[in-house]
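Just below is one structure, and these are the notes that go with it.
Residue numbers (the numbering used here): 31 to 224.
And the structure:
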């Protein structure tokens with residue numbers, strides 16, 4: 031069953047609703063101060079968008095669903111650097127395709143004391159079959175997008191958001207084995223503050 035392309039908009043609508051209901055944090059969220067850290071685990075779903083995005087073609091048309099783990103440390107107040115690992119299952123019509131992805135993570139909270147954050151990632155992906163077909167089993171990846179952080183307790187948080195995610199093997203437009211994919215991914219993560 032193919033899900034509607036609007037599925038990733040659900041977390042965005044949820045973020046908008048919940049931020050209007052959520053209590054504003056203290057002027058400075060202590061868990062986001064320099065030296066603090068967090069780990070998170072969650073799930074995501076991505077749908078292809080944009081046949082062409084700026085400089086990148088996007089011929090891939092495959093939905094994907096997966097899980098992710100993240101760990102990061104705040105190097106300044108409201109600015110964290112870390113690593114993200116993702117495992118995805120791609121909804122291809124033929125062989126089952128699974129991939130693993132490792133990325134560097136930069137996160138910033140642009141408004142002190144408010145839960146809105148922006149993520150930027152970049153990394154490498156390896157799959158058991160060519161993805162997107164007929165590409166290669168390996169790809170470079172990057173993503174960026176907003177999310178919102180909800181306090182559950184002093185040591186736990188819930189984060190929801192959407193990101194633009196791009197994969198490509200960077201072989202060049204003239205190469206038949208260089209399909210890429212631009213997608214919108216929606217995610218939900220549970221966070222433990224260290």
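Positions of the beta carbon are idealized from the N, C-alpha and C atoms, including for glycine.
Contact between the stretch 118 to 128 and the stretch 136 to 145 is absent: fewer than 3 CB-CB pairs across the two stretches fall below 8 angstroms. The C-alpha of residue 135 lies about 6 angstroms from the C-alpha of residue 150.
Assigned with DSSP and collapsed to three states, residue 78 falls in strand.
Listed in chain order, the beta strand (DSSP E) elements of length 3 or more contained wholly in the stretch 157 to 206 are 168 to 181 and 186 to 198.
Rounded to whole angstroms, the gap between the alpha carbons of residue 59 and residue 77 is 33 angstroms. Separation of residue 121 and residue 153 (C-alpha to C-alpha, rounded to the nearest whole angstrom) is 22 angstroms. Going by DSSP, residue 109 is part of the beta strand (DSSP E) stretching over 109 to 120. Under DSSP, residue 70 takes part in a beta bridge, and its partners are 100 and 221. Boundaries cannot be given for residue 124, as no beta strand (DSSP E) includes it and DSSP labels it neither H nor E.
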